[in-house]
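Peer 1:
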Amino acid sequence: MDNNEIVLYSRECPICLSESPCQRCVFTGCGHCLCRACAEQIAMEAGVSHKPVCPLCRTHSTTRPLIEMKEIEFDSFNDESKPVYPELLQNLPSPRLEELIQTFLRGEIDEETYIICYDMRLAEEACHRGINGGRPDDVYVEEYKRLMAILPYDGYFDNLAIDAAEATMRMEKQRIIDELRGQDNESGRYSRACGNCSSLFPFHRCVFKECGHLICRSCSDEMKSRSQIICPFCMKESETVPLFEHQIEA
Ligand SMILES: [Zn+2]
Ligand SMILES: [Zn+2]
Ligand SMILES: [Zn+2]
Ligand SMILES: [Zn+2]
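For the sequence shown, the residue numbers in the working numbering are 4 to 253.
#1: Among residues of its own chain, excluding the 5 on either side of Ala40, which ones have a beta-carbon nearer than 6 Å to its beta-carbon?
#2: Cutting at 6 Å between CB atoms, please list the residues of its own chain near Ser223, excluding the five before and the five after it.
#3: Do you know how far the Cα of Glu15 is from the Cα of Leu37?
#4: Within 8 Å: the Cβ of Leu59 and any heavy atom of ligand 2?
#5: Which residue from Cys28, Leu20, Ser21 and Ser23 puts its Cα closest to that of Phe247?
#6: Confirm the yes/no value for this check: CB of Cys237, any heavy atom of ligand 4, distance under 8 Å.
#7: What number of angstroms, rounded off, separates the C-alpha of Ser230 from the C-alpha of Gly32?
#8: For ligand 3, is there any heavy atom lying closer than 8 Å to the beta carbon of Cys219?
#9: Ligand 3 heavy atoms versus the CB of Pro55: any closer than 8 Å?
#10: Residues bridged to Leu217 by DSSP?
#11: Under DSSP, the beta strand (DSSP E) around Arg27 begins and ends at which residues?
#12: Here's the rule I'm using: 16 or more other beta-carbon atoms within 10 Å means buried, otherwise exposed. How should Glu74 be labelled?
#13: Where Gly198 and Phe206 are concerned, what is the direct C-alpha to C-alpha distance, given to the nearest angstrom?
#14: Apply the 10 Å Cβ neighbour rule to Pro24 and answer buried if 16 or more other Cβ atoms are within range, or exposed otherwise.
#15: Rounded to whole angstroms, what's the CA-CA distance from Ala46 to Ile70? Just pull it up for me.
#16: Can you tell me the Cα-Cα spacing of Ser241 and Cys19, whole angstroms?
#17: Return helix, strand or coil for Gln231, following the three-state DSSP convention.
#18: Which first and last residues belong to the alpha helix (DSSP H) in which Cys19 is found?
#19: Would you decide whether Lys85 is buried or exposed? Buried here means 16 or more other CB atoms lie within 10 Å of its CB.
#20: Using the beta carbon as the reference atom, which residues fall closer than 7 Å to any heavy atom of ligand 1, ordered along the chain?
#21: By DSSP, does Cys222 sit in helix, in strand, or in coil?
#22: Helix, strand or coil, according to DSSP, for Lys239 in the structure here?
#23: Quick one: what's Lys73 bridged to in DSSP?
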């Protein structure tokens, strides 16, 4: 079949049945997707030292937010004149980083600083994992501290106490989950376009396990024949996993 034939796919969360979640997560071990709120809830209930279990197939694996773009964002993503990073805006761990990204989008900081902060976002996530008793990644924690010291944001991230109490984190997590649920079903149409080959309606898609970026199955297969698979959007080395997706019956 033709990759450009329009077939609609469901984004419904199989757990809470939200029809169009504002964000989704994939279980990297199996490729099943849930809305991010349900995925966060499951991870929270699993406890911090266990990998969450996919409720659809019982595989233990980590979850990763999918980086999906709305149709309108895909249009601006293709327009090279605009330095817009919609994928970042979708997966913000904290309002402070959102503020930072908005600062960049307003042109008040340069791209180099911004890119450092992108790395910092990963570091910050790693710190949160550490706080939650997950697998703290010392390298990230060190890198985070180093960046704290050199970035021109005195006091900007002070509130991120690396030894913050787990109870506080759980409250924060619950707040985020509630907020995500509140945003579900008002989030508009999402693009299925492959940002790599620009095929607009691929039948099957794969997700990069390390970053959550999506590509079409053909692009993924082509990459698998190479010695090293690198996400073309963020340049991270990462395996891909096929995404479970269901077509909507016409
Ligand atoms: Zn859900
Ligand atoms: Zn599964
Ligand atoms: Zn493709
Ligand atoms: Zn990526």
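All C-beta atoms in this analysis are idealised placements derived from N, C-alpha and C, irrespective of residue type, glycine included.
Peer 2: On the basis of the supplied data:
#1: Cβ within range, chain order: Ile180, Leu183 and Arg184.
#2: The residues are Cys209 and Thr243.
#3: Leu37 and Glu15: Cα-Cα distance of roughly 8 Å.
#4: Result yes, Cβ under 8 Å from ligand 2.
#5: Out of Cys28, Leu20, Ser21 and Ser23, the CA that lies nearest to the CA of Phe247 is found in Cys28.
#6: Yes - ligand 4 has a heavy atom lying nearer than 8 Å to the Cβ of Cys237.
#7: Annotation: Ser230 to Gly32 spans about 21 Å, alpha carbon to alpha carbon.
#8: Yes, the Cβ of Cys219 comes within 8 Å of a heavy atom of ligand 3.
#9: Every heavy atom of ligand 3 is 8 Å or more from the Cβ of Pro55, so no.
#10: Answer is Val210.
#11: Looking at the DSSP string, the run of the beta strand (DSSP E) that includes Arg27 is Arg27 to Phe30.
#12: With fewer than 16 other Cβ atoms inside 10 Å of its own Cβ, Glu74 counts as exposed.
#13: Roughly 14 Å between the two C-alpha positions.
#14: Within a 10 Å sphere around the beta-carbon of Pro24 sit 16 or more other beta-carbons, which makes this residue buried.
#15: The C-alpha of Ala46 lies about 19 Å from the C-alpha of Ile70.
#16: Distance between the alpha carbons of Ser241 and Cys19 is about 30 Å.
#17: Reduced to three states, the DSSP call for Gln231 is coil.
#18: First-last for Cys19: undefined, no H or E at that position.
#19: Because the pLDDT at Lys85 is just 34, under 50, the model does not fix this residue reliably, and the value given afterwards should be weighed accordingly. A residue is called buried once 16 or more other Cβ atoms fall within 10 Å of its Cβ, and Lys85, having fewer, is exposed.
#20: Counting every residue whose Cβ lies closer than 7 Å to a heavy atom of ligand 1, we get Cys16, Ile18, Cys19, Ser21, Pro24, Leu37, Cys38, Ala40 and Cys41.
#21: Assignment of Cys222 by DSSP, reduced to helix, strand and coil, places it in the helix class.
#22: Residue state, collapsed to three classes: coil.
#23: Tyr193, per the DSSP bridge assignment.
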